[in-house]
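Which chain is which? The protein sequence lines are V and G, in order. Each step along the first sequence adds one to the number in UniProt numbering, with nothing skipped, and position 396 is 396. Each step along the second sequence adds one to the number in UniProt numbering, with nothing skipped, and position 130 is 130. A virtual CB, placed ideally from N, CA and C, is assigned to each residue, including glycine. So the structure is just underneath, and the comments pick up after that.
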Amino acid sequence: METAPKPGKDVPPKKDKLQTKRKKPRRYWEEETVPTTAGASPGPPRNKKNRELRPQRPKNAHILKKSRISKKPQVPKKPREWKNPESQSGLSGAQDPFPGPAPVPVEVVQKFCRIDKSRKLLHSKAKTRSRLEVAEAEEEETSIKAARSELLLAEEPGFLEGEDGEDTAKICQADIVEAVDIASAAKHFDLNLRQFGPYRLNYSRTGRHLAFGGRRGHVAALDWVTKKLMCEINVMEAVRDIRFLHSEALLAVAQNRWLHIYDNQGIELHCIRRCDRVTRLEFLPFHFLLATASETGFLTYLDVSVGKIVAALNARAGRLDVMSQNPYNAVIHLGHSNGTVSLWSPAMKEPLAKILCHRGGVRAVAVDSTGTYMATSGLDHQLKIFDLRGTYQPLSTRTLPHGAGHLAFSQRGLLVAGMGDVVNIWAGQGKASPPSLEQPYLTHRLSGPVHGLQFCPFEDVLGVGHTGGITSMLVPGASEPNFDGLESNPYRSRKQRQEWEVKALLEKVPAELICLDPRALAEVDVISLEQGKKEQIERLGYDPQAKAPFQPKPKQKGRSSTASLVKRKRKVMDEEHRDKVRQSLQQQHHKEAKAKPTGARPSALDRFVR
Amino acid sequence: MTANRLAESLLALSQQEELADLPKDYLLSESEDEGDNDGERKHQKLLEAISSLDGKNRRKLAERSEASLKVSEFNVSSEGSGEKLVLADLLEPVKTSSSLATVKKQLSRVKSKKTVELPLNKEEIERARTPLEQEIFNLLHKNKQPVTDPLLTPVEKASLRAMSLEEAKMRRAELQRARALQSYYEAKARREKKIKSKKYHKVVKKGKAKKALKEFEQLRKVNPAAALEELEKIEKARMMERMSLKHQNSGKWAKSKAIMAKYDLEARQAMQEQLSKNKELTQKLQVASESEEEEGGTEDVEELLVPDVVNEVQMNADGPNPWMLRSCTSDTKEAATQEDPEQLPELEAHGVSESEGEERPMAEEEILLREFEERRSLRKRSELSQDAEPAGSQETIDSGSQEVLSELRVLSQKLKENHQSRKQKASSEGTIPQVQREEPAPEEEEPLLLQRPERVQTLEELEELGKEECFQNKELPRPVLEEQQSERTPNNRPDAPKEKKKKEQMIDLQNLLTTQSPSVKSLAVPTIEELEDEEERNHRQMIKEAFAGDDVIRDFLKEKREAVEASKPKDVDLTLPGWGEWGGVGLKPSAKKRRRFLIKAPEGPPRKDKNLPNVIINEKRNIHAAAHQVQVLPYPFTHHWQFERTIQTPIGSTWNTQRAFQKLTTPKVVTKPGHIINPIKAEDVGYRSSSRSDLSVIQRNPKRITTRHKKQLKKCSVD
C-alpha cells in the first residue's frame, strides 16, 4: 500500500521549520516550564470530556464518520526534535518495531484535501508565499488527521450477491428476510391500512422515526424500529404530503387547504395560511427552511426557526406537484408539465437553471446525496439520469414499460422507481457512480399503486407508501453504515437531541447562501472588489496600488548627467511601451482567432444596402 | 455646304437615336430606307460598342440622366462636361468679334436687370428663324428635349414624379453599389495584371484550373446538362490554347529549355512535357455533325471575364471569316460528343474560374453579360435564317446592319408582348433587364450602368399601364440578383453558418429527447389498475403523451433565446434625430451618426449554457450571497486566487477531527484567570537599552530568538 509522506521524515526542512514555529503556543503562565513537560498538556484544557464519554450502544459499532471524538490516544505525528532517540525505547528497553507514526494511505488523504491546486498562481511575494505555505501545511496536517480517523468507520455496507450469475432482481423479500439476522428481519414489515387511501411517508433525519399521512386524513408518527407509536390522528382533511422538520418532535402536514404543523403528540401547533393548497413539502435541515410547492404555482420558503416566510417565488409554470431537494447545495428542483426541471434558490426570483428533460411532462425528480446526479421520469415513459456538475446532460436513459411516478435516491446512490404497484431498484458500481439502468438490483410488487417512496437513512430499508398502507422492505447496501453521532444520531437521548438542536440552530445557514455551487461562497467577490478599487481611486484621485514611475538612480563619475538620466528613463519607458504593444497585439490576435470562425466577413459593399 | 452636311448628319443621328429608344415609336421601316452609308456607320457604332465591353479602351463618362450621345463633332451635347446646354451657346457664332463684345456685355447687363418681361419675348425665342435654328428645333422636338428653361424632358419629369424619395435613394444606392463593384473589379484586375511574378501567375493559373476541374466534377454529378455546357466551355478553352500556338517549342522559354535540355534533366522533362502537350493539342479530333444549337451553347459565362477574346471570336464568327467559324463550331462539337475529363486540364490557358473574392461581382456581371450573349445568339440565328451563307465583305456589313435591325425587331416584339400580357411583375422581371442589356447602344460602355434608360422605359411602361404602383418595379432588380447570388454562393451568405449552427443545436436537442432508449427489462410488470379513476387518469395521460411533441422543444428554444437576449448587455444610443442635419417625419439619423453616438456595451463573458442546448442557466448575480463574500483583499495578497487558497480549508468542527479543529482555532493569546500578568518590558518588545540587556534576554530565553534579535545580535558582534 502506498503511504502518505510521513510528516516527520519526508517533509522538506522548510516545512519543518514552519511546523516548529507553529508547533505549540507558549503561554505566559508556563514561561519557565521545561519544554519536555509542555507536551504532556497540549492546548487548552479539555472541557469536552462528556463528548468522549458518549455512551456507545453495543450495537453501535458504527463509529462516527468524521470523528470529532478521536478518543484513541493518537500516535504523535512527528518525532519531536527535542526528544532523544533513546527515549523512544520504553522502560523495558525494548525497541519499538514500528517507530514513528503509522502510515496513512495517500488516496484517503487526498479525499480530504480541499485546496484547488489546478489554478496556477502568478508570481507572489515572499510574504504571500509564506502564507500560502502555511495554509497548505495546515491542510495537509488536518487531512492526514482525518484520514487517520477513517479507521474508526468500522461498519461496512451491506450487499446482495447472486450465486454465479443469478439475477439479484429475482430474489424476493422473503428470501432476504430469511437470510438476515432477526433484528434486521424485523425491519421488514407491512402496515395494512386500506381504509385511508394512498400514503405518503417520511423518515426523520436520524432514520429512527417514520411519519405517514393517508390521502383521507390519517396522520401517524412512530418509532418504526421499536414500533412504538408516537401519535395517530385523523385531520379530517385530505393530506397531500407529510414531512418531519429538523427533529422528530415537529411534523409538517400539507393538508387540503393549508399547511399545518403538529408535534409528536399530535397536537396542532401552527396553521400556516400563507402556504395554501400545498402539494409537496421539502425540508432543508441546515437552513431550517421548509419549502412548499403549491397548486397555485408558488414555491414558498418558510423559516421554521423564526416562523417567517423567507421567499415566495412564482414558478410561472402552472401547478407544482413534483419537487425534490438537492442535499448537496439545498437547491430545490421542480418538475413541470412542459418537460423542464427548474432549480430554485430563495435568494433569486428566477430559477437558477432550467433543464429540458422530457418531451412530456415531468412526473418525478430525485437528486442523489452527493448532488451529482439527478434522476427524472416523464410522461414519455423515460427514466433519465442527468449529470448536475455543470453539464446537465443525460448520462443514461431508459424507457420503462410503465413510466415511473416516484423516484428516490438512497444515501449510497441506489435509485428506486415506483411504477404502478411495482418498485424497481437500480444500483451503481460504487458510492460515487450513477446507478446503471441495465439491470434492476431488486424488484418488489406491492398490494397497491405506489404513492410515496423514501430510503431510510442509516438503515438498509426502503419505505413505500401505497394504497394498501406502508411497506418497509429490506434493500441491502442502500444506506450509509456509519453515522455521525453529533450530526444525526439514531440513538440519541432526549437531552442529546436538545443539545443538538441548540447547536444546529446556532449553526443555521442563512437562506440567501443557497446557490448552485456552494464552494463559490469561499471565493472573493471579484466584482465588488473591483468596484471598491475603482471607488478608492476616484476618492483619492490616484491609484495607490499603481506601480511608481521609474526613477533612474544617480550614478557617479559624471554619468549622471541630465541627458543620460533622461535617456535611461526613456529606455525603460520605451521598453514598457513595447511590452504593452506586444500584449495588445497578442490580445488582438486572440480575438481575431476567436472571431474568425463565427460570422461572415463584413463586405465593403454593405454600405450600399438600404 | 458644311452646314448642310452638318444638318444631314444630325438628322441621321437623330434617327439612330430613335432606334435606340425605339420601343416608343417603333419605326423600323424608316431606318431600313436609309442608305448604305448610314447602315455602315451604324454597324461601326455597334462594333465599337461591343468592343468597348472588354474594358480596355473604356472611357469614363460622367453619368447623365437624360438620353444623350457621346460628344462628337456632329452632335450637340454637353455630356461629360457637367454643364447645362444652353441654347444661346448654340446660336452663337463660333468666333465672337471683339468689337461686338462690349455691346454684348452691356446687353447682358441690361438683361440681368430684370425688366418687365414681355410675353412677346418668349414667343420670339420659341420661334425659329434661320434654317439652322429650324433644324435644331426640329431635332429637339423630335427627341422631346427641352427647349426652354427647366431642361427636363417630359420623360424625366414623369420619372421625377413617379419616384418617391425612398425609391430614389434605393436607386442611387444601387447605382453606387454597381459602380463600386465595377471599380473594385477593375482595380483588382489591374493590380493582378501588374504582378510580374511568373510563378505567381503560374500558381494562379494552376489553382484556377484545379478549381474549375473540381467544380466541373461536382456539376457533372449534380446537373449533367449544365456539365455538358461547362464541358463545351472547356473545349473552347482548349481551342483557344490550340490556336495560340503556345506549346510549339518556338517560345523564348522553350528555346532556352532546349539549350538546357542537354545538361539538365529537369529541363528535358519540362520540354518533353511541353511537346506532349503540343501533340495532344494538335491532335486531330473526330468531327461530328454540326447543328445551330451548338453555337448558342458556346457562349461562355466564365469566359466573359475576358470578353475581348470572346468577342473577337464572335465577331469572326459573324464576320468575314467563315472558315474560322467552321472550325470553331466543329471543335465545340467534338467537345460535346466526347466527354473526356483528361482534356480538362488544358483549360488553364483561360481564366475559366473565378477567385473567391470576385464571386459576387462576377455573379452580377455574369447575368448581364449572359443576357447580352443570348441576344447575340438570337440575332445570329435570325441572320442565318435570312441569308444562309455569308458572302463577301460588303455583304457582311450589310448583314451587320440588318442584324441590328432584326435584333431590334425581336426586341420590340418582345416588348410588345410584354405590354400585351400586362403581367407586370412576372414579365417585367424577366424582360426588363433583357431590354436594358439588349441595346447595343454605342453610348453605353457598360451594360450594368445602363440604369437610366431602363428606368425610363419601365416608367413609361408604368405610365402606359395606367400608372400602377411602382413598388413592384422597385423590387425588381434586387430579387433577381439575390436569387442569383443565393444560387451561386449558398455558403457565402453571411447568415448561412449561423442558421446551420442553430439547426445543429436544434437537431441536437431533438436527438437528446427523442433518441430511442432501450427499455428496461423488468421482472415485475406493474399490473394494470382496474380502478375506475386510475384508468381515467391513464387515459388522460395517454392523450397527453400523444400531444406531447416538438412544441416543447420549440418553446424551450424560444425561451432560451429570450433569456440570452435579455442577459446581453444593451447598447446605449445617444443619437438625437435632427441634430446637425435635416429633421422631419420619416427621416432617420444617418448611419454614420448613429454609429458615432452608439455606446457599445462591453461584451460579457460567454454564457455557461452556450453549448448546452437543453439548459438555461441564470447568469444573474446573487447579490444576497455576494454580501457574505469577501470583498477586500487582505494585506499580503495581491491576487484573489492567492487569498482563496488560504481559505479553502474549512476550520469548523464539522469537517475536521477534534484535535485538528482545536489546533486550527487556538487563539493567539490565551489568558489564564487569576494569573498575574507582568507589564511588558522594553527589552521584551525588542527595544534595546544596551547590548548587554539584549544578551541577557536571549540567554534567559534562547528559544525566543527572533530574526530581528539575531540581526541585532550580529550588529552588536560587528560593533
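> For Gly465 of chain V, which of V:Glu501, V:Val423, V:Asn482, V:Gln429 has the nearest alpha-carbon?
Replying inline: In the first sequence, the residue the question calls residue 465 of chain V occupies position 465. If we check each option's Cα against that of Gly465 of chain V, V:Val423 comes out closest.
> If you run the structure through DSSP and keep just helix, strand and coil, what is Leu481 of chain G?
Replying inline: As a working note, residue 481 of chain G is residue 481 in the second sequence. Interpretation of Leu481 of chain G is limited by its pLDDT of 38, a score under 50 that renders its predicted location unreliable; the figure taken from the coordinates is listed afterwards. Residue state for Leu481 of chain G is assigned as helix, using DSSP reduced to three classes.
>> Using 8 Å for Cβ pairs, my map puts Ala366 of chain V next to Phe409 of chain V. What's the rounded Cβ distance?
In response: As a working note, residue 366 of chain V is residue 366 in the first sequence. As a working note, residue 409 of chain V is residue 409 in the first sequence. The beta-carbon separation of Ala366 of chain V and Phe409 of chain V, rounded to 5 Å, stays under the 8 Å limit for a contact.
>> For a minimum of 3 consecutive residues, which ranges assigned as the beta strand (DSSP E) are wholly contained in the stretch 175 to 247 of chain V?
In response: Counting only runs of at least 3 residues, the stretch 175 to 247 of chain V fully encloses the following beta strand (DSSP E) elements, listed from N- to C-terminal order: 189 to 192, 199 to 203, 209 to 214, 218 to 223, 228 to 234, 239 to 244.
> Opposite Phe298 of chain V in the DSSP bridges: which residues?
Replying inline: Working through the first sequence from its first residue, we reach residue 298 of chain V at position 298. Residue pairing by DSSP places Phe298 of chain V opposite V:Asn314 in a beta bridge.
>> Can you confirm whether Gly371 of chain V, when its beta carbon is compared against all beta carbons of chain G, has any partner nearer than 8 Å?
In response: Taking the first sequence and counting its residues from 1, one reaches residue 371 of chain V at position 371. No, no contact with chain G.
> Helix, strand or coil for Phe597 of chain G per DSSP?
Replying inline: Walking along the second sequence from the start, residue 597 of chain G turns up at place 597. Helix, per DSSP.
>> I need the straight-line Cα distance from Gly430 of chain V to Asp460 of chain V, nearest angstrom please.
In response: As a working note, residue 430 of chain V is residue 430 in the first sequence. As a working note, residue 460 of chain V is residue 460 in the first sequence. Straight across, the Cα-Cα distance linking Gly430 of chain V with Asp460 of chain V is about 16 Å.
> Do you know offhand how far Gly580 of chain G's Cα is from Ser590 of chain G's?
Replying inline: Your numbering for residue 580 of chain G matches position 580 in the second sequence. Your numbering for residue 590 of chain G matches position 590 in the second sequence. C-alpha separation (whole angstroms): 11 Å.
> Which class does Glu81 of chain V belong to by DSSP, given the choice of helix, strand or coil?
Replying inline: The sequence position of residue 81 of chain V within the first sequence is 81, counting from 1. Model confidence at Glu81 of chain V stands at a pLDDT of 43, short of 50, so the residue's coordinates are unreliable; what they give is reported in the following sentence. Three-state DSSP puts Glu81 of chain V in coil, outside helix and strand.
>> Here's the rule: buried if 16 or more other CB atoms are within 10 angstroms of the residue's CB, otherwise exposed. What is Trp344 of chain V?
In response: Numbered from its first residue, the first sequence carries residue 344 of chain V at position 344. Buried, since its Cβ has 16 or more Cβ neighbours within 10 Å.
> Just curious, the beta strand (DSSP E) that Ser584 of chain V is in, first and last residue?
Replying inline: Locating residue 584 of chain V in the first sequence gives position 584, counting from the first residue. Note, Ser584 of chain V: premise wrong, no beta strand (DSSP E); alpha helix (DSSP H) at 562 to 595.
>> According to DSSP, simplified to helix, strand and coil, what is Arg398 of chain V?
In response: The residue given as residue 398 of chain V occupies position 398 in the first sequence. If DSSP states are grouped into helix, strand and coil, Arg398 of chain V belongs with the strands.
>> For a contact defined as C-beta to C-beta under 9 Å, what are the partners of Leu122 of chain V on chain G?
In response: The count along the first sequence starts at 1 and reaches residue 122 of chain V at position 122. Residues of chain G passing the Cβ test: Thr638, His639, Trp641, Gln642.
> Under a Cβ-count criterion, where at least 16 other Cβ atoms within 10 Å of its own Cβ denotes burial, should Glu480 of chain V be classed as buried or exposed?
Replying inline: Within the first sequence, the letter at position 480 stands for residue 480 of chain V. Counting Cβ neighbours within 10 Å, Glu480 of chain V comes out buried, since at least 16 surround it.
>> Does any residue of chain V have a CB that is nearer than 8 Å to the CB of Ala173 of chain G?
In response: Here the question's residue 173 of chain G lines up with position 173 in the second sequence. With a threshold of 8 Å between beta carbons, Ala173 of chain G makes contact with chain V.
> How big is the Cα-Cα spacing for Gly448 of chain V and Tyr441 of chain V?
Replying inline: Taking the first sequence and counting its residues from 1, the one referred to as residue 448 of chain V is at position 448. Taking the first sequence and counting its residues from 1, the one referred to as residue 441 of chain V is at position 441. For Gly448 of chain V and Tyr441 of chain V, the distance between alpha carbons rounds to 21 Å.
> How big is the Cα-Cα spacing for Lys206 of chain G and Glu215 of chain G?
Replying inline: Reading the second sequence from its first residue, position 206 is the one you call residue 206 of chain G. Reading the second sequence from its first residue, position 215 is the one you call residue 215 of chain G. The straight-line gap from Cα to Cα measures roughly 14 Å.
>> My parser needs the alpha helix (DSSP H) runs of 4 or more residues fully inside the stretch 543 to 594 of chain G; what are they?
In response: Within the stretch 543 to 594 of chain G, the complete alpha helix (DSSP H) runs of at least 4 residues are 550 to 567.
> Closest to Phe298 of chain V by CA distance: which of V:Gly214, V:Arg274, V:Ser561 is it?
Replying inline: Within the first sequence, the letter at position 298 stands for residue 298 of chain V. Of the residues V:Gly214, V:Arg274, V:Ser561, the one whose Cα lies closest to the Cα of Phe298 of chain V is V:Arg274.
> What in chain V is Cβ-close to Ala626 of chain G, meaning under 8 Å?
Replying inline: One-based indexing of the second sequence puts residue 626 of chain G at position 626. From the beta-carbon of Ala626 of chain G, the residues of chain V found nearer than 8 Å are Asp525, Ile527, Ser528.
>> Taking the straight line between their C-alpha atoms, what separation do you get for Val524 of chain V and Val509 of chain V?
In response: Against the first sequence, residue 524 of chain V aligns to sequence position 524. Against the first sequence, residue 509 of chain V aligns to sequence position 509. Rounded to the nearest whole angstrom, the C-alpha separation of Val524 of chain V and Val509 of chain V is 19 Å.
>> Can you tell me whether Ile259 of chain G is buried or exposed? The criterion is at least 16 other CB atoms within 10 Å of its CB, across all chains shown.
In response: Here residue 259 of chain G is taken as the residue at index 259 of the second sequence, counted from 1. Its Cβ having fewer than 16 others within 10 Å, Ile259 of chain G is exposed.
> Could you check where the alpha helix (DSSP H) with residue 722 of chain G kicks off and where it finishes?
Replying inline: The structure shown does not extend to residue 722 of chain G, since chain G is modelled only from 1 to 719, so the question has no answer here.
> Going by the CB atoms, is the gap between Tyr199 of chain V and His451 of chain V shorter than 8 Å?
Replying inline: Along the first sequence, read from residue 1 onward, the residue named residue 451 of chain V stands at position 451. Along the first sequence, read from residue 1 onward, the residue named residue 199 of chain V stands at position 199. The answer is yes: Cβ separation under 8 Å.
>> Tell me which residues share the same chain as residue 617 of chain V and place their Cβ nearer than 8 Å to its Cβ, disregarding the 5 neighbours each side in the sequence.
In response: One cannot answer for residue 617 of chain V here, as it falls past the ends of chain V, which runs 1 to 610.
> Counting Cβ pairs closer than 8 Å, one from the stretch 184 to 196 of chain V and one from the stretch 213 to 231 of chain V, do we hit at least three?
Replying inline: Judged by Cβ distances under 8 Å, the stretch 184 to 196 of chain V makes contact with the stretch 213 to 231 of chain V, as three or more pairs qualify.
> Quick one: does Ile195 of chain G have its CB under 8 Å from some CB of chain V?
Replying inline: Here residue 195 of chain G refers to the residue found at position 195 of the second sequence. Put simply, the CB of Ile195 of chain G is far from chain V, with every gap to its CB atoms at 8 Å or more.
>> Does any residue of chain V have a CB that is nearer than 8 Å to the CB of Ala180 of chain G?
In response: Counting from 1 along the second sequence, the entry for residue 180 of chain G is found at position 180. With 8 Å as the cut-off, Ala180 of chain G counts as an interface residue toward chain V.
> From G:Pro606, G:Ser112, G:Gly578, pick the residue whose C-alpha is nearest to that of residue 748 of chain G; which is it?
Replying inline: Residue coverage of chain G in this structure runs from 1 to 719, which leaves residue 748 of chain G outside it and unanswerable.
>> I'd like to know whether the C-beta atoms of Glu350 of chain V and Arg319 of chain V end up nearer to each other than 8 Å.
In response: Counting from one through the first sequence, the residue named residue 350 of chain V turns up at place 350. Counting from one through the first sequence, the residue named residue 319 of chain V turns up at place 319. For Glu350 of chain V and Arg319 of chain V, no; Cβs fall outside 8 Å.
> Quick one: any contact between the stretch 125 to 134 of chain V and the stretch 145 to 156 of chain V, if contact means 3 or more CB pairs under 8 Å?
Replying inline: Taking 8 Å as the limit for Cβ pairs, the verdict is that the stretch 145 to 156 of chain V does not touch the stretch 125 to 134 of chain V.
>> Rounded to the nearest angstrom, what separates Gln265 of chain V and Arg280 of chain V at their Cα positions?
In response: Start at 1 with the first residue of the first sequence, and residue 265 of chain V comes out as number 265. Start at 1 with the first residue of the first sequence, and residue 280 of chain V comes out as number 280. If you draw a straight line from the Cα of Gln265 of chain V to the Cα of Arg280 of chain V, it comes to about 23 Å.
> Within 8 Å (strictly less), CB to CB, does Asn482 of chain V reach chain G?
Replying inline: Along the first sequence, read from residue 1 onward, the residue named residue 482 of chain V stands at position 482. False, the Cβ-Cβ gap to chain G never drops below 8 Å.
>> Does Gly604 of chain G pass the burial test, meaning 16 or more other C-beta atoms within 10 Å, or should it be called exposed?
In response: Position 604 of the second sequence, counted from the first residue, corresponds to residue 604 of chain G. Per the 10 Å Cβ criterion, exposed.
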